[in-house]
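What follows is one structure encoded as structure tokens, with my remarks underneath.
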Amino acid sequence: MFRHRSDLPLGHDTTSHFLPGMVGAMVFLAAIALAGAMVLQMVMDRWQRDVSGTLTVQVMPVTGEPARAATETGRRVDAAVEVLLATPGVGAARPLDQQQIAELLEPWLGSREVLVDLPVPRLIDVTIRPGFSVDLVALGSRLTAVAPGTSLDDHQVWLSKLVRLGHGLELLALAVVGLVAAAMAATVVYATRTGLAVHRPVIEVLHLIGAQDDYIARQFAHRSLVLGLRGGLVGLALAGPVLGGIGWLTARMEGALVPDFSLGPLHWAALAALPVAAGYLAMLTARITVHRTLARMP
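Residue numbering for the sequence shown follows my numbering, starting at 66 and increasing by one per position.
Now the structure itself:
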């Protein structure tokens with residue numbers, strides 16, 4: 066593939082240094098954007114899988130003398146659980162203990178000791194059976210009757226907005242990949258036309274001895290393939306450590322504020338295909354450019 070007989074001295078062109086550098090930079094940008102799109106897709110899928118079909122019931126704590134307040138709060142939580150389990154479509158209702166609530170709030174508050182003096186609401190994790198729809202307004206009224214101040218948090222409300230934002234960012238990342246591909250194709254067109262202008266006397270001699278346009282186009286196409294693959298491999302080699310570094314930094318972040326930036330084997334395989342795609346895009350672009358340019362030559 067990398068050794069090919071050519072009647073044109075293409076190896077001495079300035080494009081031998083210009084084109085691989087441009088392709089490498091574009092493959093680097095495409096790899097970062099594509100990895101971001103794939104991570105966003107994984108995060109959206111995980112959120113939809115984990116949160117879909119769930120509700121959170123928040124029971125406000127009773128104020129007053131600590132022992133009596135704790136007893137009354139516990140009674141309200143038990144009453145809310147009974148109402149939830151008696152509601153058609155509710156599969157499970159699990160109240161969280163103080164330790165679990167502290168673990169959920171720790172990333173934002175920084176220390177569990179802060180919770181000692183705060184009136185933290187009690188939370189009930191509710192699971193909705195697949196295929197069932199629950200009247201949240203009526204359920205909220207029944208919960209308020211047995212536990213005043215109780216509120217319902219339907220995860221689908223904020224999740225749908227978050228998913229729309231995630232899909233928008235994912236489309237933006239894919240659009241960046243498309244723009245990078247278009248820019249690379251334009252670069253190959255420029256480099257190919259420059260090469261045709263430089264080697265026009267040789268091309269005219271080849272035409273005189275019977276060479277067809279397709280033969281000349283194959284010379285430029287193969288050269289563009291080699292340069293595209295070379296630049297793409299360099300760009301991917303530079304993107305690999307950057308993506309690994311981002312994954313390492315996000316893994317060290319405490320809490321759930323930053324999504325997991327780990328890519329699977331299929332994702333790395335898609336990134337590894339970028340240099341090949343860049344090479345073949347350069348080859349196809351060069352071939353088409355040569356045919357169109359030679360067709361207009363006198």
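By construction, the Cβ of each residue, glycine as well, lies at the ideal position given by its N, Cα and C atoms. It should be emphasised that the depicted structure is a prediction, and the values quoted were computed from it without experimental measurement.
When the five nearest sequence neighbours on each side are left out, the beta carbons in the same chain lying within less than 8 angstroms of the beta carbon of A248 are those of M91, in order along the chain.
Rounded to the nearest angstrom, the gap between the Cα atoms of E130 and G139 is 14 angstroms. When the five nearest sequence neighbours on each side are left out, the beta carbons in the same chain lying within less than 7 angstroms of the beta carbon of V254 are those of T350 and T354, in order along the chain. Within its own chain, the residues whose Cβ lies closer than 7 angstroms to the Cβ of P195, once the five positions on either side in sequence are excluded, are G118, listed in chain order. About 5 angstroms separates the beta carbon of A212 from that of V124, a gap short enough to meet the 8 angstroms contact definition. Annotated as distal: V185 and L120, with beta-carbon spacing of 8 angstroms or more. Per DSSP, the beta bridge partners of I193 are V155. In the three-state reduction of the DSSP assignment, S225 falls in the helix class.
Using a 10 angstroms sphere on the CB of I189, the tally of other CB atoms reaches 16 or more, which defines it as buried. Per DSSP, S206 is one residue of the alpha helix (DSSP H) stretching across L201 to V211.
Between V242 and L99, the C-beta spacing is below 8 angstroms. By alpha-carbon distance to I97, the top candidate from H332, R361, R357 and Y345 is H332.
Taking a C-beta distance under 8 angstroms as the contact criterion, G89 and G305 do not qualify as a contact pair. Counting along the chain, D218 sits inside the beta strand (DSSP E) bounded by residues S216 to D219. The C-alpha of A256 is placed about 21 angstroms away from the C-alpha of H272. Taking the C-beta atoms as reference points, L301 is found no nearer than 8 angstroms to L346. CA-to-CA, the gap between L290 and R361 works out to about 24 angstroms. The alpha carbon of A343 has as its nearest neighbour, out of S81, L328 and A95, the alpha carbon of A95.
Beta bridge pairing from DSSP links R187 with V124. Counting the other CB atoms within 10 Å of its CB gives T136 a total below 16, which places it among the exposed residues.
The shortest C-alpha to C-alpha distance from L239 to any of D218, R258, Q106 and T315 is the one to Q106. With fewer than 16 other Cβ atoms inside 10 Å of its own Cβ, I274 counts as exposed. Between T215 and L208, the gap from beta carbon to beta carbon is short of 8 angstroms. When rounded, the separation of the alpha-carbon atoms in G293 and M348 is 8 angstroms.
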